[in-house]
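J.:
There are 2 protein chains.
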Amino acid sequence: MKEFFNVETIEAVLAQVADFPVVDTEEIPLAECLGRVLAEEIASDVDIPDFNRSTMDGFAVRASSTFGASEANPAYLAVKGQISMGVRPDMTIGPGEVARIATGGMLPEGADSVIMVEHTDILDDTTIEAYRSVAPGQNTIEKGEDILKSEPALPRGRRIRPQEAGLIAACGRTMVTVFRRPMVGIISTGDEVVPVTQAPGQGQIRDINSHSLSGQVLEAGGVPVTFGIVKDSRDDLMERCQRALQTTDMVLISGGSSVGARDFTVEVLDALPDTGILVHGISISPGKPTILARSGHKPFWGLPGHAVSAMVVFAVVVRPFLDRLCGLSQATKKFPVQAVLNRNLASAQGRVDYVRVRLFESDGTVMADPILGKSGLIHTMVKADGLIAIGMNTEGLYQGSVVEVIPL
Amino acid sequence: MKEFFNVETIEAVLAQVADFPVVDTEEIPLAECLGRVLAEEIASDVDIPDFNRSTMDGFAVRASSTFGASEANPAYLAVKGQISMGVRPDMTIGPGEVARIATGGMLPEGADSVIMVEHTDILDDTTIEAYRSVAPGQNTIEKGEDILKSEPALPRGRRIRPQEAGLIAACGRTMVTVFRRPMVGIISTGDEVVPVTQAPGQGQIRDINSHSLSGQVLEAGGVPVTFGIVKDSRDDLMERCQRALQTTDMVLISGGSSVGARDFTVEVLDALPDTGILVHGISISPGKPTILARSGHKPFWGLPGHAVSAMVVFAVVVRPFLDRLCGLSQATKKFPVQAVLNRNLASAQGRVDYVRVRLFESDGTVMADPILGKSGLIHTMVKADGLIAIGMNTEGLYQGSVVEVIPL
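Chains as they are written, first to last, in full-length UniProt numbering: chain A, 1 to 408; chain B, 1 to 408.
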C-alpha cells in the first residue's frame with residue numbers, strides 16, 4: 001500500500017507546457033470565431049477608415065475659417081451644400097466655406113475639421129454663423145486612424161472576443177484561420193462510480209467528474225469527449241486509454257483515488273508505446289497524487305478522484321497545458337482579480353494550498369471568504385467564485401491580506 | 001436638425017428591467033447545459049453520498065478503539081478483512097477491530113472513522129498497530145454531508161458552471177429544464193455601411209456592429225440573429241424591424257448615428273403596433289442617444305453607430321435586460337473586479353462616463369490604465385480589458401482611486 005511520489009513543484013510542472021505542440025489550424029467563417037484563437041496575424045485590406053470621417057453632426061470646414069470665432073464675434077460661413085453618406089463628396093471647401101455633414105460622413109476636399117451643429121446658428125440656406133473655433137482634425141477620424149492597412153491589426157495567438165470579431169470584420173475577413181479546438185478525452189475510473197443514469201446502490205456514487213471536467217474543457221475552448229467509466233481493471237483501462245489517445249489531443253483520467261487504482265494508471269502508462277511519466281505527484285493541495293505523462297506528443301493526466309480535487313487540478317495545472325494546445329499566446333493577458341481575505345487562514349508549508357473562496361463586496365472592497373470543506377464535497381465548489389493560492393513557504397495568510405483570485 | 005432628448009439616468013433605465021418577461025423554458029440534456037440558466041430547482045433523488053464514505057486509504061475503525069494511541073503506546077487492532085469498492089461491506093466492526101478501506105469506500109457497520117494507512121504499521125495479515133487516535137467522523141464523509149435528498153441543491157435562475165453541471169449529475173438528472181436562449185435580432189443601418197464581403201468605396205465603411213454585437217449576445221447566453229444592413233430608408237427599416245420582431249425576443253438597431261437616421265428609428269417605432277418609446281437618451285457617455293422601446297413585451301433598442309459606443313451601451317445597459325430575458329436571477333452574484341487607477345481622469349458632470357481600461361499588475365497591485373480615444377475606433381476596444389464608470393456627480397477620479405471594472 002506504499003508508493004513513491006517524486007513530488008514536483010507546480011512551477012516545475014508548468015515549465016513543461018512549452019514541450020507540447022500546439023494543435024493544427026482550420027479556416028472557419030467569421031460568424032463562428034467567437035472564443036477561438038487566431039492562428040494568423042490579421043491585417044486590413046484597406047485603411048480604416050479609408051477617408052477622413054466626421055464624428056459629429058455639423059459642418060465640414062477648413063479650421064482656419066473658424067479661428068477667432070466666438071459668441072460675441074461669430075464667423076459667417078457660406079454653405080456649399082450637403083454631403084451624402086457613403087459617397088465621395090463632389091465639392092471642394094475653400095476658405096469661409098462649409099458643407100453640411102452627418103456623423104460618419106466623408107470630409108470633402110479642402111475641409112480638415114467639423115464644427116458641431118450645436119455651435120452654429122443657421123441663418124439661411126446658404127449662410128451659417130459659427131461661434132466656436134475648431135482645430136484641424138477636430139471632430140474627425142483621419143484616414144487610417146483606427147487601423148493602418150500596412151500594419152498588423154491582431155496578433156496570432158489572441159483569443160477572439162466580440163471586439164476582435166468586430167475588428168476582423170472591419171478588415172474584410174469573412175474566413176479566419178484559427179487553431180482547431182483540442183479534443184480532450186475524459187475517463188472516469190473506480191468500482192464505486194456509476195453513470196448518472198443509474199441509481200447508486202450501497203457504496204456507490206454517481207460520476208461527477210466526467211461532467212465537471214467536460215465543463216472545464218468547454219470553458220477553456222476544448223472539445224470534451226467522454227469515454228465513460230472504467231472499473232478497476234488494468235485491461236479495461238488499457239483499452240479505454242488506447243481508444244482515447246487515438247482520437248483526442250489530451251487525455252484526462254480521474255479517480256483511482258485509492259492507491260491500487262492509481263497503480264493501474266501507472267501500469268497502463270508504463271505499457272503504452274512511446275509513453276513516459278513526467279510527473280508523479282505535485283506539491284499542491286488538493287491534488288498531490290496528480291500524474292502527468294507524455295504519450296507520443298500528447299499530454300496524459302491522472303487526476304484525483306474527489307470532485308473538488310479534480311476541478312482544482314484542472315484549473316491550476318491542466319488548464320495552462322490546454323491553453324498551450326489551443327494555441328493561446330503566452331503573452332495573452334490574464335485578467336487579474338484581487339480580493340482582501342476576511343479571516344486568518346492557516347496552511348501547511350512545503351506545498352501550495354488552493355482554497356475555495358466566495359467573493360463579496362463590503363464597504364466598496366472586494367472580500368474573499370474562504371469556504372472550508374472536504375475535497376469530496378462538490379457543493380463547496382458550487383458556493384465558490386474562485387480559488388486562492390497559499391504559497392509553499394508560508395504558514396498561512398493573515399486577515400486583510402490581498403489575494404489573487406483564480407475565477408471558477 | 002434639432003431634436004429633443006428626454007435624457008434619463010442609467011439607474012432609471014435599469015429599473016425597467018423587471019418590466020420585461022423572462023423567455024420560456026425547455027428541457028435539454030445534461031451534456032448541453034453548460035452556461036445555460038436553470039429554470040427549475042434541482043434536488044437529488046438520493047443523499048449524496050448515500051453512505052458514510054472514507055476520504056483516505058486506511059482502516060475503518062470505531063474511533064474509541066484508537067483513543068490514547070500514540071507512537072509510544074500504539075493500539076493493536078484486529079483486521080477483519082478488506083472492504084471492496086462499490087458494494088455494501090458484509091462485516092461489522094466491533095471494539096478493537098478494523099477493516100482495510102480505500103478512498104471512497106463504504107464504512108462498515110460499527111465503524112465511525114478511518115485511520116490513515118500512514119499512521120499504522122501492518123504487523124501481519126490480521127493485526128495492525130495504530131499510533132494515532134482518530135475522532136468519530138474523522139477521514140470520512142457522512143451520509144448526506146454533500147447534498148441532502150430533502151433539500152434544494154441548486155436554485156432556479158442560476159447559471160450552470162462546470163461545478164453546477166457536476167452537481168446536477170450527482171443528483172441523477174440527465175435532462176435539465178433551463179430557460180430558452182433568447183433570440184436577439186441585430187440590424188445595422190446607414191447609407192455608408194457595407195457588408196464585410198464588400199470592399200468599402202469612398203466614404204464607406206464595413207459593418208462592424210453586426211459582428212461585435214453578435215459576439216456580445218453570444219457571450220451573454222443569447223442567440224444572435226443578424227438582419228443585415230438597412231440603408232437610410234424608413235420603409236426598408238420598417239420592414240426589417242417587423243421581420244426581426246416576429247422572430248426574435250429582443251431587437252438591436254445600431255447606427256443611425258446621424259440625426260436624420262435616428263429620426264427614422266423613432267418614426268418606425270411610432271408606427272409599429274403596440275409599441276412605445278420608453279427612453280430616448282441616457283445620461284451616459286458614450287451612448288447618450290440610446291433609445292429603448294417596448295414592442296409588445298419585447299425590448300427594442302436603438303444603439304449608437306460608433307463601434308465602441310454600441311459595445312459600451314450593450315455592456316452597461318442592454319446586458320442587464322438580456323440577463324433578465326435569460327432568466328438569470330437578480331441574486332446571481334457578479335464577480336467584482338477592482339483595480340487602482342494609474343492616472344488622474346477628468347470627466348464631465350451630469351453623466352456617467354465609461355472609460356476603457358487596460359489592466360496590468362504592478363508590484364502586486366492590479367492597475368487600470370485608461371485608454372483614451374474616439375468612440376469610432378474599434379482598436380481601442382481590442383486594447384481594453386474592461387470599462388470603468390465615472391459617476392454623474394464627480395468631476396473625475398484621482399490617480400490611486402480604487403475602481404470597479406466591468407470586464408470586456
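In this text, a Cβ means the ideal position worked out from N, Cα and C, and glycines have one as well.
For K334/B, name the three-state secondary structure that DSSP assigns.
T.: coil
J.: Give me, in chain order, the residues of the same chain whose beta-carbon lies closer than 8 Å to that of T189/B; leave out the 5 immediate sequence neighbours on both sides.
T.: Once the five neighbours on either side are set aside, the close Cβ partners of T189/B are I229, V230, K231, D232, L237, I253, S254, G255, G256, A261, F264, T265 and G305.
J.: Check for me: the beta strand (DSSP E) holding V196/A runs from which residue to which?
T.: Segment: none, V196/A is in no beta strand (DSSP E) and carries neither H nor E.
J.: Measuring CB to CB, does I28/B end up less than 8 Å from I208/B?
T.: no
J.: Taking 7 Å as the limit between beta carbons, can you name the residues of its chain near D121/B, skipping five residues before and five after?
T.: I128 and E129
J.: Identify the continuous beta strand (DSSP E) that holds F67/A and give its terminal residues.
T.: Where F67/A is concerned, there is no enclosing beta strand (DSSP E), given that its DSSP letter is neither H nor E.
J.: Return the residue from the list S65/A, M381/A, R161/A and M183/A that minimises the CA-CA distance to F321/A.
T.: Considering only alpha carbons, the answer is M183/A.
J.: Which residue's Cα is closest to the Cα of G376/B: L38/A, E142/A, D90/A and V17/A?
T.: E142/A
J.: Going straight from the alpha carbon of M1/A to that of M116/B, what length do you get?
T.: In this predicted model, M1/A has a pLDDT of only 33, less than 50, meaning its place in the structure is not dependable; the value taken from the coordinates is given anyway. Computed Cα separation, rounded: 11 Å.
J.: Judging by CA-CA distance, which residue of E145/A, T177/A, A135/A and G137/A is the nearest neighbour of residue 412/A?
T.: Only positions 1 to 408 of chain A appear in this structure, which leaves residue 412/A out of reach.
J.: What residues from chain E crowd round A199/B, counting only those whose CB sits closer than 8 Å?
T.: The structure shown contains no chain E; the protein chains it does contain are A and B.
J.: Going by DSSP, what residue range makes up the beta strand (DSSP E) through P162/A?
T.: Segment P162 to A170 is the alpha helix (DSSP H) holding P162/A; no beta strand (DSSP E) there.
J.: On a Cα-Cα basis, can you pick out the residue from E151/B, G201/B, V217/B and E192/B that is closest to Q163/A?
T.: V217/B
J.: For a contact meaning CB atoms closer than 8 Å, what does H379/A contact in chain B?
T.: D146, I147, A153 and L167
J.: With a threshold of 8 Å between beta carbons, is E164/B in contact with chain A?
T.: yes
J.: Does the region 366-373 of chain B come close enough to the region 335-343 of chain B that 3 or more CB-CB pairs lie under 8 Å?
T.: yes
J.: For the alpha helix (DSSP H) that F321/B lies in, which residues bound it at each end?
T.: R319 to C326
J.: Taking its Cβ as the centre, do 16 or more other Cβ atoms sit within 10 Å of L408/A, making it buried, or is it exposed?
T.: Under this definition L408/A is a buried residue.
J.: Nearest to V79/A by CA position, among G68/A, A244/A, R100/A and C241/A, is which residue?
T.: R100/A
J.: Pick helix, strand or coil for S212/A, following the three-state DSSP scheme.
T.: helix
J.: Check whether the region 36-45 of chain A and the region 82-98 of chain A touch, using three or more Cβ-Cβ pairs below 8 Å as the test.
T.: no
J.: At which residues does the beta strand (DSSP E) containing R100/B begin and terminate?
T.: E97 to I101
J.: According to the neighbour-count rule (16 or more other Cβ atoms, all chains shown, within 10 Å of its Cβ), is S70/A buried or exposed?
T.: exposed
J.: Let me check one thing: in DSSP terms, what residues is N344/B bridge-paired to?
T.: Answer by DSSP bridge pairing: none, since N344/B is not bridged.
J.: Going by CA-CA distance only, name the one from E361/A, C241/A and L167/A that's closest to R206/B.
T.: Out of E361/A, C241/A and L167/A, L167/A has the C-alpha closest to the C-alpha of R206/B.
J.: For V266/A, which of helix, strand or coil comes out of DSSP?
T.: helix
J.: Drop a sphere of 10 angstroms on the beta-carbon of N6/A, count the other beta-carbons inside from all chains shown, and report buried for 16 or more, exposed for fewer.
T.: exposed
J.: Pull the bridge partners of Q82/B from the DSSP assignment, please.
T.: R100/B
J.: Considering only C-alpha positions, which residue in the set A31/B, A60/B, Q202/B and L213/B is nearest to R161/B?
T.: A31/B
J.: Quick one: measure Cβ to Cβ for M392/A and Q349/A, integer angstroms, because I've assumed they're closer than 8 Å.
T.: 7 Å
J.: Distance, Cα to Cα, E3/B vs R132/A?
T.: Below a pLDDT of 50, predicted positions are generally treated as unreliable, and E3/B, at 47, falls in that range; the measurement from the model is reported next regardless. Rounded to the nearest angstrom, the two C-alpha atoms are 21 Å apart.
J.: Which chain A residues are close to M91/B, counting only those with a beta carbon under 7 Å from its beta carbon?
T.: Going along chain A, no residue has its Cβ under 7 Å from M91/B, so there is no contact; the nearest lies around 13 Å.
J.: Out of A60/A, D274/A, K149/A and I93/A, point me to the one whose CA is closest to G104/A's CA.
T.: It is A60/A.
J.: So, using beta-carbon positions, are A307/B and L269/B closer together than 8 Å?
T.: no
J.: Closer than 8 Å by C-beta to T394/A: which residues in its own chain qualify, once you throw out the five before and the five after it? Chain order, please.
T.: Taking C-beta separations shorter than 8 Å and ignoring five residues to either side along the sequence, the partners of T394/A in its chain run S347 and Q349, following chain order.
J.: Mapping the DSSP letters down to three states, classify A339/B as helix, strand or coil.
T.: strand
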